[in-house]
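Residue numbers (this note's numbering), protein chains in the order written: chain C, 603 to 964; chain D, -1 to 298.
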């Protein structure tokens, strides 16, 4: 690694914790979380309807930790991430709550402070590497653009930095790829180039919006391994959005399961995937393919997600839940804490045993 | 399992492979054009016409305005008149060469101005959207309600003849279509991920417009504009023909066509010459525009 890269903070307990095998190791006192989100609410207001996309999400993330947000389409996971960077269109988005990244209060930032934060303190990789790169510029020009914007260095220096980044994300023949246009690269290489772009200004926090969904399975695992490796080397925090439980098991330290704009279950990846306590998480795990018998059907969760324009007062999952009672329909369950970093939003949390078939965790 | 390294991901290993030539954008456009013989031929014709027009003071055999009562309406190849003479005994070849200047100017200037004005309006409408878009695009729709030639005739008729007014009228005619092309392209590009990615990497609105919107909008606007040059030459000729554009005795292809019309039964071949010049020029611009569209399409 060159002098350009900030070395991993070895002094913080969390960084060493994430690097070790047990991600749920308790965090030493005195280390402040890098990200704190409290009671975040996002609503999209239009003349016809108000969409309640995010309804009171709270979480915190230590430096060097990887949080995976899992949920189906429309559960509010991408909206939460874009809210963290204030990328949502201002004129029709209403946000409330508190968001802090580093020492910045995200909701109070001025437009110029926002552009200074984006790309430098927080950066983002997108799902579709084909459309997330501008087709009329070379990979090198696109990386150099970001570098020049934040450091004000010369074009030549920015291009050198681009080359270094491409080598860092293991793009073969990096020099040649620097001069290539996006359409000349394969999907996996494009995604690596996206990652290089996102890392160009040493962000403390990387937001990844399903970065492996558009890739095929073999490339997917390569990119995941690369991301985990880079994250450890740079000591960076990552929020990784996915709907793939296998991906979450690979990369995450912590997992947050979202449903209808709320985090319904949160905890270390091991706890959540081996001992899920929310019926939704349990249903999701049961509906994945793992070592079950060949002729057994996969258990799907009945019903469909709620209409985010008209949310019922009770638990949003209740209409689909086999364990729902009158209580669930009447009021939304509070966050029930089950350990230092574990919380479940279900009245019956703690009453479920470990499921017979849980996802094997590497 | 996070420690697995892939052979293909090891840069040191692959870099020993022979380097593959990488072409830049303009290089690959040039490469594709090199094998497009039709576009090349018409490109050379345009080049020849432009050169002939530019060099007309030196290469024209005679004074284009010198009249002669003796040599009126002489056929092609009569004595020193290579392409014959018009109804006032002026040398057709010299007039065609000089007339190319006015015709090309009337073709390029209005389109260039319209690209600037219409393109800017279109990008603004597409990028901001909402009420601004509504205001700009509906105004353009009003202009669309008139056929382009009728609009040009109406505007220059209202403002009076002359070359400057003709150019202004043509500019106004070409702003709406160019504005619409720019608006459509901008609206498409604005919604793509790379604009959000640029925003997420800290780009401001100005930087996004200059880098990402213009970079993607210029190509379609440019291709469409190159096709409009021939239309502009045609309409300009039409205006001159109607006595609204260039005023006599300035040599202009449209004007020549108009005045020679009365001599069509006396000397049809000579009368056809300015028309042929207009035809070849506009055909060439159209063909080159087509070739450019194919060569400049990056997303293949």
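Glycine included, C-beta positions come from ideal geometry on N, C-alpha and C.
These numbers come from a predicted model, not from an experiment.
6 Å Cβ shell around residue 27(D) - same chain, five flanking residues per side excluded: 293 and 294
Determine the chain D residues that contact residue 689(C) at a beta-carbon separation under 7 Å, and present them in chain order. 194, 197 and 198
Backbone CA spacing between residue 946(C) and residue 703(C) [nearest angstrom]: 24 Å
Could you confirm whether any beta carbon from chain C is found closer than 8 Å to the beta carbon of residue 190(D)? yes
Against chain C, does residue 124(D) count as a neighbour if the rule is that its beta carbon must be under 8 Å from one of theirs? no
Start and end residues, beta strand (DSSP E) containing residue 662(C): 652 to 663
Going along the chain, which residues of the stretch 208 to 222 of chain D sit with their C-beta nearer than 7 Å to a C-beta in chain C? 209, 210, 213 and 214
Within chain C, partners of residue 274(D) - CB distance below 9 Å: Residues of chain C passing the Cβ test: none, with the nearest at roughly 39 Å.
Kindly list the residues whose CB is nearer than 7 Å to the CB of residue 850(C), restricted to its own chain and excluding five residues on each side of it in sequence; keep chain order. 670, 672, 844, 857 and 871
Work out the CA separation of residue 205(D) and residue 262(D) for me, nearest whole Å. 59 Å
Less than 8 Å between CB atoms is the rule here; does residue 623(C) satisfy it with respect to chain D? Confidence at residue 623(C) is low in this model, with a pLDDT of 37, below 50, so the placement of that residue is unreliable and no value is reported for it.
For residue 724(C), three-class secondary structure by DSSP: strand
Which residues in chain C sit within 7 Å of residue 202(D), going by Cβ to Cβ distance? 717
Return the chain-ordered list of same chain residues with a C-beta closer than 6 Å to the C-beta of residue 278(D), the five sequence neighbours on each side being excluded. none
If the criterion is Cβ atoms closer than 8 Å, does the pair residue 654(C) and residue 863(C) meet it? yes
Please decide whether residue 875(C) counts as near chain D, where near means a Cβ-Cβ distance under 8 Å. no
Within the 8 Å Cβ cut-off, does residue 788(C) reach chain A? The displayed structure is made up of protein chains C and D, and chain A is not among them.
Report the rounded CA-to-CA distance for residue 663(C) versus residue 714(C), giving the unit in angstroms. 25 Å
Going by DSSP, what residue range makes up the beta strand (DSSP E) through residue 839(C)? 839 to 844
Cβ pair residue 848(C), residue 816(C) closer than 8 Å: no
Can at least three beta-carbon pairs, one atom from the stretch 766 to 784 of chain C and one from the stretch 733 to 748 of chain C, be found at a separation below 8 Å? yes
Would you check if the stretch 186 to 197 of chain D and the stretch 71 to 83 of chain D touch, i.e. whether three or more CB-CB distances between them fall below 8 Å? no
Opening and closing residue of the alpha helix (DSSP H) in which residue 118(D) lies: 90 to 126
I need the DSSP call for residue 891(C), collapsed to helix, strand or coil. coil
I'd like the list of long-range same chain contacts for residue 66(D), defined as Cβ closer than 6 Å, with 5 residues on each side in sequence excluded. 87
Is residue 667(C) close to chain D? Criterion is C-beta to C-beta, closer than 8 Å. no
Can you list, in chain order, the residues of its chain whose CB lies under 6 Å from that of residue 119(D), leaving out five sequence neighbours each side? 134 and 177
What separation, rounded to the nearest whole angstrom, lies between the Cα atoms of residue 158(D) and residue 236(D)? 15 Å
Between the Cα of residue 745(C) and the Cα atoms of 875(C), 803(C), 639(C) and 667(C), which residue gives the shortest distance? 803(C)
So, does the CB of residue 795(C) fall closer than 8 Å to a CB anywhere in chain D? no
Between the CA atoms of residue 748(C) and residue 919(C) - distance to the nearest angstrom: 42 Å
Which residue comes first and which comes last in the alpha helix (DSSP H) that contains residue 288(D)? 266 to 293
Supposed close pair residue 974(C), residue 860(C) - CB separation, criterion 8 Å: The question about residue 974(C) has no answer here: the residues shown for chain C are numbered 603 through 964.
Residue 260(D), DSSP secondary structure in three states: helix
Nearest candidate by alpha-carbon position, reference residue 798(C), set 726(C), 812(C), 779(C) and 767(C): 767(C)
Checking contacts by CB at 8 Å: is residue 627(C) closer than that to chain D? Annotation note: pLDDT 40 at residue 627(C) (below 50); position unreliable, no value reported.
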